[in-house]
Each structure stands twice: as C-alpha cells, then as structure tokens.
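*Asks:*
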Amino acid sequence: MKTILRTNNVEKVYGSKGNQYKALEDINLEIREGEFIGVMGPSGAGKSTLLNILSTIDTPTSGDIIIADQNIVRMKEEELSDFRRNKLGFIFQDYNLLDTLTVKENILLPLALSKVPAKEINERVEEIADTFGIREILNKYPYHISGGQKQRTAASRAIVANPSLILADEPTGALDSKSATGLLESLTALNEQNKSTIMMVTHDAFAASFCKRILFIKDGRIFAEIHKMQQSRQKFFQKIVDVLVSLGGGH
Amino acid sequence: MTLFSIARKNIRRNFTNYFLYITSMIFSIVIYFTFVSLKYDQTIQASTDASTKISSVFNGASVVLMIFVAVFIWYSNSFFTKKRKKEVGLYSLLGVRKKQIGRMLFYENFIMGILALFIGIALGSILSKFFVSLLMKVMGYDAVGNFIISSDAILNTILVFTLITAITSIHGYRLIYRFKLIELFKAEKEGEKEPRASLVIAAFSVLLVGIGYWLALQNLLESDVWRKMGFMITPLVILVTVILGTYLLFNTLTVYLLKMLRKNKSHFWNGLNLISTSQLLYRMKGNARTLTIIAVLSATTLTAVGASYSFYYNNRSNAETANPNSMMFIAKDKTISNQIKERISEDKKHNIVYHEVIPTLRLNVDITNLNSKNSADEVEYTIISNENYNKLIKEQQRNDSLSLKGNEAAALDPTYFEGLSPKYVGSTVSLKVNDHSEDIRFKKLQKFNVLNLYTAYITVVVSDDLFAKLVDGTSPVNMEVYKMTNEVDAKALTKDIQSMLTEDANFSSFYTDYAQGMEASGLLIFMGGFLGLVFLAATGSIIYFKQLTEANMDKERYDILHKIGVNKKEVKKSIARQNVFVFALPLLAGIAHSVVALTALSKFLQTSLVIPVLICIGVYAFIYIAYYFLTVSTYYKIVTKSNE
C-alpha cells in the first residue's frame, strides 16, 4: 500500500538557549493509505504538538515530513494553506464549526473555498450527510444541534474534499458516551468502506480501541506501538490499558 | 495594599489596553477646551464688530459640542468596560467583594478622567492659539492676538468633564452589581441569531426615505403639502421619515438583499463569499443602529460644512451681484463729489477703472397687477435710460445690451425669485411723474443690475425717448458709480468716503458687503469645519471601535478558517470586503441625504453649490477612506495574531 505520511527525525524544541525544552524528539513514523492510526500518551507527552506539526499549523525545529509525496517543511505559507485545503481534513475536540453558517454550509465550506461548482457541491454534501446520518439537520445552525451532531458535522466537513489524510484531535473529548460511540463507528465505517486514512489523537482508551494501530508517545518520543490485527475490540482495549499502565504518569 | 493602589497599578500595567479609552477622552477634552477658549478669547471679541452675534453662535455650538462629547465618552466608556467584563468577573471569582471591585473601577476611571483632563487642557492651550489665528484669518482679520489662556475656559472645561467623569465612574462602579458572575464571563459570546427580513418592511424603508426626499425637494412656496402641514412641521416630518427610513433600510433591506445573495448558490458557494456574506448577515441587525447614527452624523456634517463652505465660497460673487460697481452713492453736492473723486484718484492702492454719473428718476410705482408674493403693492423704482444702461453694461463687461423703443422697458432685479417676485415680462405698470403718467410694458427681465442694489434697489430701463419725456419738468437724481482695482482691500478708502457722505446718499460699496460676508460666512465655516472635523473624527472612531470589537469576536472564526486551509491573502480580502460594506453603507446614505438637503438649499438660495459641495464631500470621503484602511489593517492584525 501507498505511504501517505512519513516523518524523518522530526524534532520540536521550545524556548531559547539555556532553557530549552524538547517537546518532540526523534519522531519517525509512517502512515499508509487506508490506515486508522491512534496516537496516545499522557498529558504533556507531545501528542498535540505532533498533530499540529503534521497538520502544518506548526513547524518542526528539524526533520522532514512528507505527506502525499510533498515535503511540507519546505512549503511557503500560501502553499501550506492550499495543501491543508486539498490534502488534509480536520476534526477538533471543540468542533470548530462556524456559528454563522448552517450545518450544510459548514460542510461545504472546503469545497466552496476550492471553487467547486454548486451542483457538484450539492451532490457531495448530500452523499456525506447520509453517511453520517445528519440529513435532517442540514439547514440548522450549530447552536441548535447537539454535541454529537456537531462533531458529525465537523467530521463531514473534514472528509468532504476527499483529503489524503484525516487528522482528528480528541474528537470524542467533549461527547457523551453514546455520541462518542456513534462518531467512532462512523469513522470506522469511513475507514473501512471509503478507505480513508485517519490519524486520531486521544487519551481515551475506549476511543483508541477503534483504531487499527496505536502509537504511544512519552516525553516527546515514540515509546511503543501496538497493532489490533485480528483481535476483538475488547481485547485490544485491554491491551491499550496495559500499555497505558506501563507508561505511567496518569492520563 | 489599598484598593486605590491596585487601581493605579491596573492602569500602569495595562496601559496599552487603556490607551484607546484615554485617547478618546483626551481628544474630547482638547476639542471642548479649544472651543471654549475661543469663546472667551479677548482678541476675537475685541476685533470683531459683531461680537454679540459671535458669542451667541459660540454658545449654541458649545452646547452641541458638550452633548456630543458626553455621548462620545459614554460610547468609548461602554466599549472599554465591555472588554473588561471578564477581568471584573475574575476578581469576583477570586473572592474580592463586589463593593471593593466597584470602588476599584470607580477610582480607576476617575484617575484616568483627571489625567485626561490635565493632558487635554495642556494640549488644548497650544491648539487654541492656532485656532484663534485660523478663525481670524477665515473671517478676514489680520489681527494676531497676544494669546492668554483664559481661566474661564479652564474652569468651564474642568466643571463639564469632572461631571462627565463622575457619571462614567459611577457607571463603572455599578458594573459589578448589574451582572451575574456568569454573564460577566460570557460577555463576548452574547448570541447572534439568524436575522429575519420582511419584504414589506424593506419596501416601506425605501418608501419612507423617498417621502422624505420628495418633501425636501418640493418648491417651498408652491407646494401644497408644505402649506398644509405647516412650515414648522414639514422639516420635522422630513427628518423623522429619513432617519427612520435609513434605520429600516440598514435593518431590513440590506438583510433582505444579503439573503437574496445567499440564495444564488453559485455565487454564495464560491470561496470566501460564503464567509463574508453570512457574517455580514449576522451582524447587520445589531449594527443597524450604529450605522444609522453614523449615516445621520455624516449627513449632518456634510450638510453643515457644505452649506457654510458654500456661503464662504459664494461670498465674493454674492457681493459682486449686489455691487456691480465698487462704490455708488447719490450725488447731491458738487463739491463733495469732487472731494471724493480727488480722494480716490490720490489713493495709490486703487486705480479708477471707470467713473460715471448716471441721471436717474426715483419713482414710487403701484405694482398691484404684477401679482408679487413678496413685495409691497407700491415700490420705489430707479429709472435709467437705455443709453446709460448700454454704457454701463459695456463697462462692466457684460454682453447684454438693450434697444428699447417707445414704452418698452426692462426690469433689472438681481433678487428675482421665481414664483415669488413680481411677474414682470408682459405686464404693464404706469409711472407717475408730477401730474402726468406714462404706461410702460416690461419686455425683458434681467436677473442682474448695473447699479448697486443698496443704492438703487430695483432698476427699470426705459427707452431714451421715454426717459427724456419723463425727466422733462422734474430734476433727475444723479447717481455716481466708481469701479476701481483691488476692491477687496478697500477698508480705509471705503471708511473715508462713507464719512464724507450723509446718510441719504445711500452709499454702497463692494467692500462693505464683501467684508460683512467674510465675517459672517467665515465664522460659519469655522464652526462648520470645527464641528465637522469633530464629528468626522468621532464617526470614524465609532466604526473603528466597533469593527475592532468584532475583530476580537471573529478571531476564533478566522483561526478555524486558517486551520482548514484559507491563506492570509484570502483572509485579508474577506476582511476588506466585509469592512467595505460596513463603511460604505453609512457613507453613501450620508452623502445621499446631504446632497438632497443641499439641493433643496441651493434651490432656495438660487445659487449653484455644486463645486463647494463636491469639495466638501471629496475631503470627507478621503478622510473616511483613510479610516477604512486603518481599520482593515488593524482588523487583519488582530485576526491573524497567533494565540501564543
């Protein structure tokens, strides 16, 4: 399978001389097309820093990041914007929906930005709305819908432009367990049916158990990696918890 | 640590946050102090002839300014406190008592007020010196005053601003009591709801503005509507319909149009149109009131400045219309006439362009059958012969000679007002000299005169034959006219000649009218310009403040957009487009309103105000556009500033 993302010795250092703090060190990872990968680790381990760097919002101090055959470290601001728009999809913990737009408009925003014709936009939105079961709320505004619906809207927006990689940052963090399960099932379906590549940062072992592969980060380094393979979700969940315990430091 | 010192430290540490507020207070104080200083200034009062008129104009204007300044400070104060709700909430959360917080806010505001007062008076003292000389200059005086800072002005300013500061301080004190803790934290998240717009109200808004415009553009004297509603009520009706119409226009019509725009998917779903349109739509209803205030302020400023500048601009031509000759008087005594001629010839500043003695007849004429609305039934006409008329017209370099025959006549009436003045052409009046009378028929009307208005009033030209017939048996009145060079600068000469003549010589001069006009219109334009500048600065600041508040609220949105791949260029474009809308709407409405008002004025005054009004609108729009660019660039900086 094709490699979607590869990082070479990515390092992120905060602070100036004398008072340096390494948030990330020696990060080498590879994500292949169709993977559903989880990133876990205790607070302060560098999960969010990694995600920000991979999503091109932040830049690494050194190292290379190649996404969809392009080295994003060398890109200029405008290229990065276009790259984010065309190649990446985002799902955030706090949804990040625009409250002046309806659910439908929020979803189609990336397509509108890429100047896709209105007719095509409409078809695409309807299709995705069905996948996530939000057809009924398409004309509502974000503050009229529940957290679960908001997150499904955000997920719809993330995938609407068929990105190479979907990045999810604690997508279930603000959801109740029922909505969380619903969202995770939708993401799984997306991964299995559409072959979408998803990278999800979470500290919730239950959410992580939906992934196929999990990277554990501790103190800025990749500490462990486990694969689901053919295990059941319950078993995989148990395994995740075991690793987390061995990581220590609470989560 | 006392509360007083906490408050003091608050100001010192967050000085940049307080900067805008203090600046707007200082600005208000400088303006007010400067204005009051002018009011009390000795040089101005001493050197102007019309000092009572001046002080009453200043009094009126200073009241307007006071109200305005109070509103402006109140506005910046509420902008300022809105930004600090969270901080106040935090103090409360940390367990500081409400009373203490209130007292802290009170002290803080009071310290700033007093500080602004000192700085404002200091700056104002320097500025008022400049403004005194400017005022003297536009009024046409040379005097440069020995400038003294008036203690009255300082006292007046301190009194007014201490009062305003006390009120805003009490308002600040009460802030903590007015809101629940949770509301203080949510201060900036107050809901924005999808606005509604009805087509009926949108149409009604256009209708209202239309009615206002239509009424304003009526011919005052012939309009039935004006007569029926009364001359006091109709202007009020115009004001109310236009202001209400403007408000509804912003409130409903723009929302309606934006919604229509949103229906067109291929436009709406195209890049950042989606963002700009929907954000405008959301803000529009909440903004309608501010935009209306700005539109009305702009219209007022433009109308006032445009009108006063027009008077100033037209002063020279008005003086020329009334005085085609530099000087004119009725000559009764040969020796005095000779003395005058000598005095003028000797004057090195002026050369005589022409000097004529025109024989005239002054007759009281019954003009009942001319159907005039504004003049008495019997008026005094100055009759001159066709020959003399042609001589003067040539000397005055107009190409308008007459050749009247028999009982034909021409009226020279520079004050002619269509519909109001006598209907000359075609009418017949009879001129009575001693016992016999002659009928004359008006063949032509000229809206100018060859004689000065004050000396001759309305002049009638008759054929040379008729003039000879009329003069026969009576003695004509000789009128002397002089045209000289450098007539604008004839103060000393005018004064001398006037003193040589008696009252009944009806002496008139270009210089007298010109200087009087300069004084009155100079004062007007100074007031208009001064207040206009203040209003302009204030309207600009109001939009600036408002847009920056919105920028802070929009920051989050633009962060999201940045994350999903909108580049900085597009963000800038979107900001520029949104702001164009917010800035252009009130400006266009203000310009439209003022153009209608000034068109009405120009109809009434029968002069073309196009050039002075265009200059005013141009200057206003230029400064306004500068505000636009300032706002866009600050907005962009706020929105793209990273959170770290």
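Protein chains in written order, with the numbering used here: chain D, 36 to 286; chain B, 17 to 660. We put the beta carbon where it would ideally sit given N, CA and C, even for glycine.
Between the Cα of Ser-294 (chain B) and the Cα atoms of D:Ala-164, D:Asp-134 and D:Ser-212, which residue gives the shortest distance?
*Replies:* D:Asp-134
*Asks:* For Lys-111 (chain D), which three-state DSSP category applies?
*Replies:* coil
*Asks:* Excluding the 5 residues flanking Thr-615 (chain B) on each side, which residues of the same chain have their C-beta closer than 7 Å to its C-beta?
*Replies:* Leu-233
*Asks:* Return yes when the Cβ of Ile-194 (chain D) is within less than 9 Å of the Cβ of Ile-169 (chain D), no when it is not.
*Replies:* no
*Asks:* DSSP on Leu-143 (chain B), reduced to helix/strand/coil?
*Replies:* In the structure shown, Leu-143 (chain B) falls within a helical segment according to DSSP collapsed to helix, strand and coil.
*Asks:* Should the segment 453-466 of chain B be called in touch with the segment 410-425 of chain B, which here means at least 3 C-beta pairs below 8 Å?
*Replies:* yes
*Asks:* Go ahead and label His-609 (chain B) buried or exposed: buried means 16 or more other beta carbons lie within 10 angstroms of its beta carbon, across all protein chains shown.
*Replies:* buried
*Asks:* Mind checking Gln-563 (chain B): buried by the 16 CB within 10 Å criterion, or exposed?
*Replies:* buried
*Asks:* Quick check on Met-516 (chain B): does DSSP put it in helix, strand or coil?
*Replies:* helix
*Asks:* Out of D:Glu-227, D:Ala-58 and D:Asp-99, which one is the CA nearest neighbour of Thr-166 (chain D)?
*Replies:* D:Glu-227
*Asks:* Given a threshold of 16 other Cβ atoms within 10 Å of its Cβ, counted over all protein chains shown, does Met-276 (chain B) qualify as buried or as exposed?
*Replies:* exposed
*Asks:* Where does the unbroken beta strand (DSSP E) through Tyr-397 (chain B) begin, and where does it stop?
*Replies:* 394-401
*Asks:* Below 8 Å, can you find three or more Cβ-Cβ pairs linking the segment 255-266 of chain B to the segment 548-564 of chain B?
*Replies:* no
*Asks:* Could you have a look at His-578 (chain B) and say whether DSSP puts it in helix, strand or coil?
*Replies:* helix
*Asks:* Is there a Cβ of chain B sitting closer than 9 Å to that of Met-36 (chain D), yes or no?
*Replies:* no
*Asks:* At which residues does the alpha helix (DSSP H) containing Arg-457 (chain B) begin and terminate?
*Replies:* Per DSSP, Arg-457 (chain B) belongs to no alpha helix (DSSP H); it is in the beta strand (DSSP E), 452-462.
*Asks:* Would you identify the three-state DSSP class for Gly-293 (chain D), choosing helix, strand or coil?
*Replies:* Within the shown structure, residues of chain D are numbered from 36 to 286, placing residue 293 (chain D) beyond reach of any answer.
*Asks:* Using beta-carbon positions only, say whether Ile-66 (chain D) and Glu-46 (chain D) come within less than 9 Å of one another.
*Replies:* no
*Asks:* Measuring only between beta-carbons, confirm whether Ile-92 (chain D) sits less than 9 Å from chain B.
*Replies:* Contact of Ile-92 (chain D) with chain B is assigned, a C-beta pair being separated by under 9 Å.
*Asks:* Could you have a look at Glu-70 (chain D) and say whether DSSP puts it in helix, strand or coil?
*Replies:* coil
*Asks:* According to the neighbour-count rule (16 or more other Cβ atoms, all chains shown, within 10 Å of its Cβ), is Glu-70 (chain D) buried or exposed?
*Replies:* Under this definition Glu-70 (chain D) is a buried residue.
*Asks:* Report the neighbours of Asn-286 (chain B) on chain D: residues whose CB is nearer than 7 Å to its CB, in chain order.
*Replies:* Ala-147 and Lys-150
*Asks:* Hey, Gly-124 (chain D) and Leu-250 (chain D): beta-carbon distance below 9 Å or not?
*Replies:* no
*Asks:* Quick check on the burial criterion: 16 or more other C-beta atoms within 10 angstroms. Buried or exposed for Met-36 (chain D)?
*Replies:* exposed
*Asks:* Does Ser-116 (chain D) get closer than 9 Å to chain B when you measure Cβ to Cβ?
*Replies:* yes
*Asks:* With His-371 (chain B) as the anchor, note down where its beta strand (DSSP E) starts and where it stops.
*Replies:* 368-382
*Asks:* What three-state label does DSSP hand Lys-485 (chain B) in the structure shown?
*Replies:* The DSSP-derived three-state label of Lys-485 (chain B) is helix.
*Asks:* Could you compute how far the alpha carbon of Leu-144 (chain D) sits from the alpha carbon of Tyr-130 (chain D)?
*Replies:* 14 Å
*Asks:* Listing by chain order, which chain D residues have their CB less than 9 Å from the CB of Ser-292 (chain B)?
*Replies:* Neighbours of Ser-292 (chain B) in chain D, taken as residues at a C-beta separation under 9 Å, are lacking, since the least C-beta distance is about 10 Å.
*Asks:* Rounding to the nearest angstrom, what Cα-Cα distance links Lys-279 (chain B) and Tyr-272 (chain B) in this structure?
*Replies:* 11 Å
*Asks:* Are any of the Cβ atoms in chain D nearer than 9 Å to that of Ser-282 (chain B)?
*Replies:* yes
*Asks:* Measuring straight from C-alpha to C-alpha, what distance separates Ala-338 (chain B) and Trp-230 (chain B)?
*Replies:* Each residue's CA atom was taken as its position, placing Ala-338 (chain B) and Trp-230 (chain B) some 32 Å apart.
*Asks:* Here's a check: name, in chain order, each residue in its chain whose Cβ is nearer than 8 Å to the Cβ of Lys-274 (chain D), leaving out the five neighbours to either side.
*Replies:* So the list reads Ile-261 and Gln-266, once near-sequence residues are dropped.
*Asks:* State the Cα-Cα distance for the pair Ser-333 (chain B) and Ile-83 (chain B), rounded to the nearest angstrom.
*Replies:* 37 Å
*Asks:* Please confirm whether Leu-297 (chain B) has its beta-carbon closer than 9 Å to some beta-carbon of chain D.
*Replies:* yes
*Asks:* Taking the C-alpha atoms as reference points, what is the distance between Leu-132 (chain D) and Pro-177 (chain D)?
*Replies:* 7 Å
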